[in-house]
Each structure stands twice: as structure tokens, then as C-alpha cells.
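S.K.: First the structure, which I've put down as C-alpha cells, then a few questions once you've had a look.
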Amino acid sequence: MLKNKNGLVSALSAVALFSSINNVSATEMDTILETFPKQGSELPYSVLRADLKDAKTQLPFDIRNGGYGSAMTAHPTQTHQFYALTDRGPNASHQGQYGKGKSFPVADYTPRIGLFEVKPGGKIVQLKDILLKRPDGHLISGLPNSSALGGDR
Numbered sequence: 003m004l005k006n007k008n009g010l011v012s013a014l015s016a017v018a019l020f021s022s023i024n025n026v027s028a029t030e031m032d033t034i035l036e037t038f039p040k041q042g043s044e045l046p047y048s049v050l051r052a053d054l055k056d057a058k059t060q061l062p063f064d065i066r067n068g069g070y071g072s073a074m075t076a077h078p079t080q081t082h083q084f085y086a087l088t089d090r091g092p093n094a095s096h097q098g099q100y101g102k103g104k105s106f107p108v109a110d111y112t113p114r115i116g117l118f119e120v121k122p123g124g125k126i127v128q129l130k131d132i133l134l135k136r137p138d139g140h141l142i143s144g145l146p147n148s149s150a151l152g153g154d155r
């Protein structure tokens, strides 16, 4: 996995990613390691929603579109680029007066593949999103399947 729990890409991950697939030279790997921040680099994100409030603190919080890290691979021909896959979208387990379960605050979220590039100094920029679609061309949903389709809802 490319990200750690803080959403950072480590230098070791970057080296493993690019050296194993893109035939990057040892000299180029040394340059990447020398310029990559020791604390890692954060993947970019956008805000999907900013209108929700924390139930305990009543403070607003952001729902971010940046959960890349379910899978990743180097671009096959572009040395400093890689693809990363999101999970099914923002969700949270909950328990309260309405019962317990999982909430999906962005119900129309479409899982996606992001194309990223590592810039000199370790900064990571997102070049594009590839939205996942069904064979008929419709966007897929990150929501769980209904019980009729083998899900638990």
C-alpha cells in the first residue's frame, strides 16, 4: 500500500514502486530518495462535502475525496507516475438512537482510479480521475449491494 495511516507516501514506497516496474536506474533512485521528504508526501484531495457537523462537538468537518490506497501500480511507461484506486467511498460505522450500521455521507460517490505524478522534491500531484463504470457505461456506486444481490442490507 502506498499510503500510511496519515495519508502519506513514504520514500521507500516510492522507490519500490518506480524501481520494480519502470526500470529506473540506481542513480535516479538515489535522486528520488535524496529529494523525497523524510516525513513522506501527502496525496492531494478535494472536499466532497463540508456541511456536516460532528455529533459530539457540533463542529463542522470535511468529507474528503482522497481515499486512494486500496491498490496502486506504477504507470507502465511514465517513470514518475502511478495509479491508485479508492475504496468504495467515504463511510463510517455508527451506533445511536436510530440503531447501528454504516453511513455513506456521499451516497452518489463513484469509486475511481487516480493518476498521480511525483514531482521533484517528493510533491505529488493528481493528473486525472478515471471513474469506474459498469459494462453498459453507467457509473458504479460505492454503496453496498442489496440483500437481493448478496449484500447485507
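Counting with the numbering used here, you get residues 3 to 155 for the letters of the sequence shown. Glycine residues also receive a C-beta, built at the ideal position from the N, C-alpha and C atoms. For clarity, every value in this text was computed on a predicted model and none was experimentally measured.
Which residue from 94, 112, 95 and 120 puts its Cα closest to that of residue 139?
M.R.: 112
S.K.: What's the gap between the Cα of residue 65 and the Cα of residue 144?
M.R.: CA-to-CA, the gap between residue 65 and residue 144 works out to about 15 Å.
S.K.: Between 124, 142 and 150, which has its C-alpha nearest residue 39's C-alpha?
M.R.: 124
S.K.: For a test of the three-state rule: what should DSSP assign to residue 134, helix, strand or coil?
M.R.: Here residue 134 sits in coil by DSSP.
S.K.: In this structure, what does DSSP give as the bridge partners for residue 70?
M.R.: 88
S.K.: Select from 94, 98 and 48 the residue whose C-alpha is nearest the C-alpha of residue 2.
M.R.: Absent from the structure is residue 2, since the part of the chain shown begins at 3 and ends at 155.
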